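Counting in our numbering, the final residue of the sequence shown is number 201, and the numbers go up one at a time with none missing. Shown next, in structure tokens, is the structure this report addresses.
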Amino acid sequence: MMIAGERTVLRRVTPDDLPLLAGWFADTEFVRWWGGVAKSNDEVALQYLGREDGDEVVQAFIVLHGDVPIGYIQAWNDEPLIGGIDIVLLPAVHGRGYGPDAVGALARYLRDELGWKHITIDPSVRNVRAIRAFEKAGFVPESELLDPRDGPLLVMTFAPDAVR
Ligand SMILES: CC(C)(COP(=O)(O)OP(=O)(O)OC[C@H]1O[C@@H](n2cnc3c(N)ncnc32)[C@H](O)[C@@H]1OP(=O)(O)O)[C@@H](O)C(=O)NCCC(=O)NCCS
38 MMIAGERTVL RRVTPDDLPL LAGWFADTEF VRWWGGVAKS NDEVALQYLG
88 REDGDEVVQA FIVLHGDVPI GYIQAWNDEP LIGGIDIVLL PAVHGRGYGP
138 DAVGALARYL RDELGWKHIT IDPSVRNVRA IRAFEKAGFV PESELLDPRD
188 GPLLVMTFAP DAVR
């Protein structure tokens, strides 16, 4: 199953992606805005291949530009039809508009194909680039939340009518 944006395509992560993802998440620059700590192979296998654990479901995707993998994006939910998106792209491709394209494509898929009613994304208040990118994808700031690990987060909600 593929989800097409205008400039990116999302495909489901498979177990064969473990070496690729483990390489990315072991890089401190890659995880700078994703907890800041490099992840072990085992953590990646547990967390980022997609999972279903009781009510908690994580749908994991590789972001492609053409045929080239450029990042990881996931949709998570712990109650039906309400959940969020997280994304991290390779540093080398930041600033080219791929992030908003991929996030917008996944948000529209969740809303239009899966019927999700409420979709959030929650960058650090310090992550100015991400906040701008998610606004471009159609998310609007809603509230702030204090995360014990990551500090203050800006909770942004997908507002379908505001899509660029
Ligand atoms: C966040 C991320 C997905 C955004 O994707 P992207 O493809 O780099 O986004 P864009 O190319 O649209 O650039 C973001 C926007 O922020 C702006 N921007 C970049 N750095 C900025 C800064 N320091 N201050 C203000 N604006 C900034 C850019 O100018 C651009 O806006 P514009 O198109 O209006 O000029 C990507 O940068 C990424 O993966 N970052 C690391 C992981 C991360 O932060 N994930 C989010 C965790 S919630």
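Backbone N, C-alpha and C define an ideal beta-carbon position, used for all residues, glycine too. Just so it is clear, the structure is predicted and the values come from calculations on it, not from any experiment.
Beta-carbon proximity of VAL94 to LEU58, cut-off 7 Å: As a first step, residue 94 must be located in the sequence shown, where it is residue number 57. As a first step, residue 58 must be located in the sequence shown, where it is residue number 21. No, they are not a contact pair.
Where ALA199 falls: helix, strand or coil (DSSP): Taking the sequence shown and counting its residues from 1, the one referred to as residue 199 is at position 162. Confidence is the limiting factor: at ALA199 the pLDDT is only 46, short of 50, which leaves the residue's position unreliable, though a coordinate-based value still follows. In the displayed model, ALA199 falls within a helix according to three-state DSSP.
Beta carbon of ILE156 nearer than 7 Å to that of LEU147: As a first step, residue 156 is located in the sequence shown; it is residue number 119 there, counting from the start. As a first step, residue 147 is located in the sequence shown; it is residue number 110 there, counting from the start. Yes, Cβ-Cβ distance for ILE156 and LEU147 is below 7 Å.
ALA167 versus ASP184: straight-line alpha-carbon distance, rounded: Along the sequence shown, one-based indexing puts residue 167 at 130. Along the sequence shown, one-based indexing puts residue 184 at 147. Here the alpha carbon of ALA167 sits roughly 17 Å from the alpha carbon of ASP184.
Cut-off 7 Å between Cβ atoms - residues of its own chain near LEU191, not counting five sequence neighbours on either side: Taking the sequence shown and counting its residues from 1, one reaches residue 191 at position 154. For LEU191, the CB contacts under 7 Å within the same chain, skipping 5 residues up- and downstream, are ASP159, PRO160, VAL162, ILE168, PRO178, GLU181 in chain order.
LEU58 beta carbon near ligand 1 (any heavy atom closer than 6 Å): As a working note, residue 58 is residue 21 in the sequence shown. When distances are taken from the beta-carbon of LEU58 to the heavy atoms of ligand 1, even the shortest one reaches 6 Å or more.
Classification of VAL100 by the beta-carbon crowding that lies within 10 angstroms, buried from 16 upward: Locating residue 100 in the sequence shown gives position 63, where the first residue counts as 1. Classified as buried, VAL100 has 16 or more neighbouring CB atoms from the shown chains inside 10 Å of its CB.
Neighbourhood of THR51 by C-beta, 6 Å cutoff - its chain only, sequence neighbours within 5 removed: Counted from its first residue, the sequence shown places residue 51 at position 14. Once the five neighbours on either side are set aside, THR51 has no close Cβ partner at all.
Near ligand 1: TYR135 beta-carbon under 6 Å from a heavy atom: For the purposes of this step, residue 135 is taken as residue 98 along the sequence shown, with counting starting at 1. Yes, since a heavy atom of ligand 1 falls inside the 6 Å radius drawn around the Cβ of TYR135.
Residue of ASP187, PRO189, ARG69 minimising C-alpha distance to LEU126: On the sequence shown, residue 126 is found 89 positions in, with the first residue counted as 1. If you compare the alpha carbons of ASP187, PRO189, ARG69 with that of LEU126, the shortest gap goes to ARG69.
Bounding residues of the alpha helix (DSSP H) (the contiguous stretch that carries ALA144): As a first step, residue 144 must be located in the sequence shown, where it is residue number 107. Judged by DSSP secondary structure, ALA144 falls within the alpha helix (DSSP H) whose first and last residues are 135 to 145.
Check whether PHE62 and LYS76 have beta carbons under 7 Å apart: Counting from 1 along the sequence shown, the entry for residue 62 is found at position 25. Counting from 1 along the sequence shown, the entry for residue 76 is found at position 39. Yes, they are a contact pair.
Inter-residue CB distance, HIS131 and ARG44 (contact presumed, cutoff 8 Å): Taking the first residue of the sequence shown as 1, we reach residue 131 at position 94. Taking the first residue of the sequence shown as 1, we reach residue 44 at position 7. Not a contact, Cβ separation roughly 14 Å.
Of the residues GLY134, TYR109, ALA144, VAL105, the one placed nearest ILE119, counting alpha carbons only: Counting from 1 along the sequence shown, the entry for residue 119 is found at position 82. Nearest option by C-alpha distance: ALA144.
Distance cut-off 6 Å: ARG166 Cβ against heavy atoms of ligand 1: In the sequence shown, the residue the question calls residue 166 occupies position 129. Yes.
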